[in-house]
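Trainee: One structure, pasted below without further comment.
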Amino acid sequence: MQGKSAILAKIRTSLHVSPQDAERQAAVSGRLNEPPVGIVPSRGQLPEEERIALFRKMAEKYSATTARIATLAELPATVGDFLRAKNLPLAARMGSDALLRTVPWESEPTLDIRDGASDGLDLVGISHAFGAVAETGTLALASGPDNPATINFLPEQHIVVVRAEDVAGDMETVIGRLRQVMGRGVMPRTLYFVTGPSRSADIEQTLLLGAHGPKGLHIVIAG
Amino acid sequence: MTVTQTSRRPRVGLFATCLVDLFRPSVGFAAAKLIEDAGCEVFVPMAQTCCGQPAYNSGDRKDTRALAIQVIELFEEFDYVVAPSGSCAAMLKKHYPELFKGDAKWEERCRRFSDKVFELVSFLTDVMFISNVEAKLDGSATYHDSCSGLRELGIQKQPRKLLASVEGLEIKEMKDSDVCCGFGGTFCVKYSDISNSIVSKKTANITESGADMLLAGDMGCLMNMAGKLKREGAQIEVRHVAEVLAGMTDTAPIAGSGK
Amino acid sequence: MQFTAPHFKENAVGALADVQLQKALKNVETGFIGKRALAAGALPEFDALRDRGRDIKNHTLTHLDLYLEAYEERVTAAGGHVHWAETGEDARNIILDICRKAGAKTVTKGKSMITEEINLNDFLEDHGIQPVETDLGEYIIQLRGEHPSHIIAPAVHLNKEQVEEDFRRVHTHLDPQRDLTAPESLLSEAREVLRNRYFQADVGITGANFLVAETGSSVIVTNEGNGDLTQTLGKVHVVVASIEKIVPTLEDCAQILRVLARSATGQDMSVYTTFSTGPKRPEDPDGPDEYHVVLLDNGRSSMLGSEFQDMLRCIRCGACMNHCPVYHSVGGHAYGSVYPGPMGSVLTPALFGIENSAHLPNASTFCGRCESVCPMHIPLPKMMRRWREKEFERHLSPATVRWGLGVWAFFARRPKLYRVATSAMVRMLSVLGGSRRRIGSLPLASGWTRYRDMPAPEGQTFTQQWAARKATGKAA
Chain A
8 MQGKSAILAK IRTSLHVSPQ DAERQAAVSG RLNEPPVGIV PSRGQLPEEE
58 RIALFRKMAE KYSATTARIA TLAELPATVG DFLRAKNLPL AARMGSDALL
108 RTVPWESEPT LDIRDGASDG LDLVGISHAF GAVAETGTLA LASGPDNPAT
158 INFLPEQHIV VVRAEDVAGD METVIGRLRQ VMGRGVMPRT LYFVTGPSRS
208 ADIEQTLLLG AHGPKGLHIV IAG
Chain B
1138 MTVTQTSRRP RVGLFATCLV DLFRPSVGFA AAKLIEDAGC EVFVPMAQTC
1188 CGQPAYNSGD RKDTRALAIQ VIELFEEFDY VVAPSGSCAA MLKKHYPELF
1238 KGDAKWEERC RRFSDKVFEL VSFLTDVMFI SNVEAKLDGS ATYHDSCSGL
1288 RELGIQKQPR KLLASVEGLE IKEMKDSDVC CGFGGTFCVK YSDISNSIVS
1338 KKTANITESG ADMLLAGDMG CLMNMAGKLK REGAQIEVRH VAEVLAGMTD
1388 TAPIAGSGK
Chain C
410 MQFTAPHFKE NAVGALADVQ LQKALKNVET GFIGKRALAA GALPEFDALR
460 DRGRDIKNHT LTHLDLYLEA YEERVTAAGG HVHWAETGED ARNIILDICR
510 KAGAKTVTKG KSMITEEINL NDFLEDHGIQ PVETDLGEYI IQLRGEHPSH
560 IIAPAVHLNK EQVEEDFRRV HTHLDPQRDL TAPESLLSEA REVLRNRYFQ
610 ADVGITGANF LVAETGSSVI VTNEGNGDLT QTLGKVHVVV ASIEKIVPTL
660 EDCAQILRVL ARSATGQDMS VYTTFSTGPK RPEDPDGPDE YHVVLLDNGR
710 SSMLGSEFQD MLRCIRCGAC MNHCPVYHSV GGHAYGSVYP GPMGSVLTPA
760 LFGIENSAHL PNASTFCGRC ESVCPMHIPL PKMMRRWREK EFERHLSPAT
810 VRWGLGVWAF FARRPKLYRV ATSAMVRMLS VLGGSRRRIG SLPLASGWTR
860 YRDMPAPEGQ TFTQQWAARK ATGKAA
């Protein structure tokens, strides 16, 4: 731990502070225990229907496609239609997400839903986003067996389901909800904020989709 | 004209700037005319030399302070200190206080001085509330926004407002009028190749605007752009904006054909 | 990376003559600037968020020791390991040790400027471990044996044709007749080649845009998804980050994120903003078994409490260089440092010494455009001037310049002498200018007259003429 004490000592010398300074410690623990929110732009602060419309507009701005269904019962047909329209095989990888598992997949009998993490050979993955941010068209997904992280990146097409009521106006609201579920200071292994399919502009600043992640992101809003 | 007993004309110390003093006195006279027309009394302290930017931007804080003290002592008696240059005005207004921060003797005295400093055109519009001038000039002009004036003093709308009141004059904006011309004080001689690259883009934009005349509020920028335009064989007339606003365009321009 | 900052002038001359580079640099001028302006203009709270970002960073920096300790505690609680590296050498050794323990033969890398700063790739290769850059821009320049020329767009100095040439040269397992004229085909090829490397790699190394003290999380901000595959598919995830990347809370991070992507590329959010905390959990089907964070000091602790502290607010968005007329002219490689442009001109002397990077803070017109777009309100010109002061104090500026300015200051401080000297000089120059009133070449001022004419003075100074008119009672 020699590096640690040396670095901390240097910092304290530079700032002319002592580690025992109670006021400084209070300032830090105060902020960590009660994080101030800050400035939340008015853009996303809308009633639900307008918020969802904004979310769709922003997501589409970043090259996602979006669809709205009234109930989750319609999801299998939506997925089937999506795959048929893109001439893709009727197969998709999905985690053990509780919400997705309650969906009546048997209503689309030709649709082959495979379990678990992606092996890199799947063309399509389906995930459930626990939240979304209308302000920027962003989805919030947590890693875990429910929604394996590899499904977010390896398949060419990524279908993400989010409930209408989970579409928040801003990122701070999503963070607050996560904190309530997980407890203070606790996070899933990975928390993904995804805005559109993968892209790169590294070749002459030309925008291209499908760099290392999915080429297509299809968002289905249910409710 | 009624003369009220209780008010007198504001006393303005004209900080000519070394480039105007040495290279283009007509700008000094134009500035003086504009300030007088606005209802002020103009004074030109003879002991003025330089605002200290060359020393300041080269890291010579000692000489800069000495010059700053000289300037403050010479000009602090006036109601306003006005300079026909965004960079010199910014030096006196924004940077002098930095030099004396924490200095028990000079901090407050400098602050009082710097509060009175203004660049010429913004002085006319923002302090004397002049919204038009009487000058007439047939033709078109494009205006370059000098960096210090723009970013340190917020000067952008004011020259355009007054130029719009010049009868017969059409403003033709150039592309990237708010981008640096490549002068940068000693930069243009120390890194002349890079400066040349930057000023070449500027002269291309100036030419593309199709204007008869190039105007700006800073002699450093003007000499840089004029010098390049001349070398390229361009005919566009280059002047300091004060000359046009004061209706004093009969002197030979900095560059170009002139009338 | 080979440090060539002392040769900035020569580098610049080469860059100005490089036709390919000049063509590529137009993309910087025309692309980034407009996009940032649109994004900033579309968010009314943008400027208020910049102020808040600056305040959050200032608070963090003045409490950095405490936030670092809190951060380490959370990382450890989540099952990760924090290593503290005082120097680049320490960091390299720590990373090598981790790779060796993992039996790593190849290592995938997400784009990370900090690993460039410490020259990690060459070091790993020297020790028999192959690093594979996965960011498309970084991958391209790795093939060319080059270093990034921009902190967020590493290959911005290249044209499509150059990339095509490199892919053909290196991807010899593919059909030589394949069509690579469309950028899409280059991207698909890179995607395919790199996809395999992710699965083969034992260790994934990323940088971090932020380290969140509240949760012990590292945050990466990418568009491609390469950073995410790098950190998820390897057995070990190593995060390398300098100490000033700390932000206190998730909300603080969200606040600064709002100005990061908008300032960099004009996007409201980048495609992937990922918060990682510790190794995979027992129930996770994917993710790394080990999670290491290497915290690097390398000079930052000395910048705290100094007149360069504000530079530590930098969030590496690249807006400053995107708007810099000097960067537009010469590109990033000319600076000869891992950090180019305005932010590089302040940071490079701080990390590598002003005596080694004397040109960088001088190659600026102080136009101020960088500061005007910096999302963290970093006073870049002011700090560049401060470096010039340090050079002056240490007599590092060229003798001729020092002498010339000394002469000017000597006269300027003596008004009577000044009047005499300048009226003589003005008379001489106006004679030189002749009837056409232009000076085409001037000894001692060849830097000017090489490219420009010097307009000749009017013959008498303003102060002389004013005094004369006053004396004769003429109206001004």
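Chains A, B and C, in that order, give the protein sequences. With positions in the first sequence counted from 1, the corresponding number in the numbering used here is that position plus 7. With positions in the second sequence counted from 1, the corresponding number in the numbering used here is that position plus 1137. With positions in the third sequence counted from 1, the corresponding number in the numbering used here is that position plus 409. Idealized CB from N, CA, C, for every residue including glycine.
So what's Thr624 of chain C in DSSP terms, helix, strand or just coil?
Mentor: DSSP places Thr624 of chain C in coil when its eight states are reduced to three.
Trainee: Within its chain, find whatever has a CB closer than 7 angstroms to the CB of Val565 of chain C; leave out the 5 residues flanking it on each side and keep chain order.
Mentor: Within the same chain, Val565 of chain C has close Cβ partners Ala433, Asn436, Val437, Ser558, His559.
Trainee: Pick from C:Ala880, C:Thr870, C:Cys779: whose alpha carbon is nearest that of Ser1285 of chain B?
Mentor: Nearest option by C-alpha distance: C:Cys779.
Trainee: In chain F, what lies closer than 8 angstroms to Gly223 of chain A by C-beta?
Mentor: In summary, chain F is missing from the structure at hand, where the protein chains are A, B and C.
Trainee: Buried or exposed, going by whether 16 or more other CB atoms sit within 10 Å of the CB of Ser855 of chain C?
Mentor: So Ser855 of chain C ends up on the exposed side.
Trainee: Measuring only between beta-carbons, confirm whether Tyr736 of chain C sits less than 7 angstroms from chain B.
Mentor: For Tyr736 of chain C, the answer is no, since every Cβ of chain B falls outside 7 angstroms of its Cβ.
Trainee: Who does Val140 of chain A pair with in a DSSP beta bridge?
Mentor: In the DSSP output, where bridge partners are listed per residue, Val140 of chain A has A:Thr145, A:Ala175.
Trainee: At 9 angstroms on the CB atoms, spell out the chain A contacts of Thr543 of chain C, in chain order.
Mentor: Result: His219.
Trainee: If you draw a straight line from the C-alpha of Val656 of chain C to the C-alpha of Ile665 of chain C, how long is it?
Mentor: Going by the C-alpha atoms only, they are around 9 angstroms apart.
Trainee: Let me know if His804 of chain C comes out buried or exposed under the rule of 16 or more other beta-carbons within 10 Å of its beta-carbon.
Mentor: Flag for His804 of chain C reads exposed.
Trainee: With 7 angstroms as the threshold, decide whether the Cβ of Ala885 of chain C is near any Cβ in chain A.
Mentor: Confidence at Ala885 of chain C is low in this model, with a pLDDT of 46, below 50, so the placement of that residue is unreliable and no value is reported for it.
Trainee: Quick one, are the C-beta atoms of Ser205 of chain A and Gly223 of chain A less than 7 angstroms apart?
Mentor: No, the Cβ-Cβ distance between Ser205 of chain A and Gly223 of chain A is not below 7 angstroms.
Trainee: On the three-pair Cβ rule with 8 angstroms, is the region 708-726 of chain C touching the region 1142-1156 of chain B?
Mentor: No: fewer than three Cβ pairs fall under 8 angstroms.
Trainee: Taking the alpha helix (DSSP H) that Ala84 of chain A belongs to, which residues open and close that run?
Mentor: 82-92 is the span of the alpha helix (DSSP H), which, as asked, contains Ala84 of chain A.
Trainee: Please check the pair Val541 of chain C and Ser627 of chain C, which I expect to be a contact at CB under 8 angstroms, by giving their CB distance rounded to whole angstroms.
Mentor: So it is not a contact: roughly 20 angstroms between Cβ atoms.
Trainee: Of the choices A:Asp122, A:Pro26, A:Gly138, A:Val140, whose alpha-carbon is the least far from that of Arg132 of chain A?
Mentor: The question names Arg, yet the displayed sequence has Gly at residue 132 of chain A. The candidate whose alpha carbon is nearest that of Gly132 of chain A is A:Asp122.
Trainee: If we count the other Cβ atoms within 10 Å of its Cβ and call it buried at 16 or more, is Lys1396 of chain B buried or exposed?
Mentor: With a pLDDT of 41 at Lys1396 of chain B, under the threshold of 50, the modelled position of this residue cannot be trusted, and the question is left open.
Trainee: At what residues does the alpha helix (DSSP H) containing Glu55 of chain A begin and finish?
Mentor: Note, Glu55 of chain A: alpha helix (DSSP H), 55-68.
Trainee: Taking the CB atoms as reference points, tell me whether Ile1292 of chain B and Glu1256 of chain B lie closer together than 7 angstroms.
Mentor: Taking 7 angstroms as the Cβ cut-off, Ile1292 of chain B and Glu1256 of chain B qualify as a contacting pair.
Trainee: For the beta strand (DSSP E) containing Trp493 of chain C, name the first residue and the last one.
Mentor: Trp493 of chain C -> beta strand (DSSP E) spans 490-494.
Trainee: Can you give the Cα-Cα distance for Glu172 of chain A and Ser672 of chain C, rounded to whole angstroms?
Mentor: Roughly 31 angstroms between the two C-alpha positions.
Trainee: Can you give, in chain order, each stretch of the beta strand (DSSP E) that sits fully within the region 1222-1309 of chain B and has at least 3 residues?
Mentor: Runs found: 1254-1256, 1273-1280, 1304-1308.
Trainee: Leaving out five residues before and five after Phe775 of chain C in sequence, what residues of the same chain have Cβ atoms less than 8 angstroms from its Cβ?
Mentor: Contacts found: Pro790, Met793, Arg794.
Trainee: From the beta carbon of Asn635 of chain C, is the nearest beta carbon of chain A less than 7 angstroms away?
Mentor: Yes - at least one Cβ of chain A is within 7 angstroms of the one on Asn635 of chain C.
Trainee: Report the three-state DSSP secondary structure of Leu198 of chain A (helix, strand or coil).
Mentor: Leu198 of chain A: strand per DSSP, three-state reduction.
Trainee: Could you check whether the Cβ of Leu15 of chain A sits closer than 7 angstroms to any Cβ belonging to chain C?
Mentor: Yes, because at least one Cβ of chain C sits closer than 7 angstroms to the Cβ of Leu15 of chain A.
Trainee: Who are the neighbours of Met65 of chain A on chain C, taking C-beta pairs under 8 angstroms?
Mentor: Asp677, listed in chain order.
Trainee: Which residues of chain A have a Cβ atom closer than 8 angstroms to the Cβ of Arg600 of chain C, listed in chain order?
Mentor: Residues of chain A passing the Cβ test: Gly217, Ala218, His219.
Trainee: Can you tell me the Cβ-Cβ gap for Phe455 of chain C and Val668 of chain C, rounded? I've got them flagged as a contact below 8 angstroms.
Mentor: Indeed, because the Cβ distance is near 7 angstroms, the residues count as touching under 8 angstroms.
Trainee: Answer yes or no: do Glu699 of chain C and Pro691 of chain C have a C-beta to C-beta separation smaller than 7 angstroms?
Mentor: Cβ distance not < 7 angstroms, so Glu699 of chain C and Pro691 of chain C don't count as in contact.
Trainee: Do we get a CB-CB distance below 7 angstroms when we pair Val169 of chain A with the residues of chain C?
Mentor: So, not an interface residue.
Trainee: Buried or exposed for Gly10 of chain A, please, with buried defined as at least 16 other CB atoms from any protein chain shown within 10 angstroms of its CB.
Mentor: Burial call: buried.
Trainee: At the 7 angstroms Cβ level, is Ala880 of chain C part of the contact set with chain A, yes or no?
Mentor: Chain A, which has no Cβ nearer than 7 angstroms to the Cβ of Ala880 of chain C, makes this no.
Trainee: Strictly under 7 angstroms for the Cβ-Cβ distance: is Ile18 of chain A near chain C by that measure?
Mentor: Judged by the 7 angstroms Cβ criterion, Ile18 of chain A is in contact with chain C.
Trainee: Going by DSSP, name the residue or residues bridged to Asp119 of chain A.
Mentor: Paired residue(s): A:Ala98.
Trainee: I need the boundaries of the alpha helix (DSSP H) containing Met1350 of chain B, first residue and last residue.
Mentor: No alpha helix (DSSP H) holds Met1350 of chain B; the beta strand (DSSP E) holding it covers 1350-1353.
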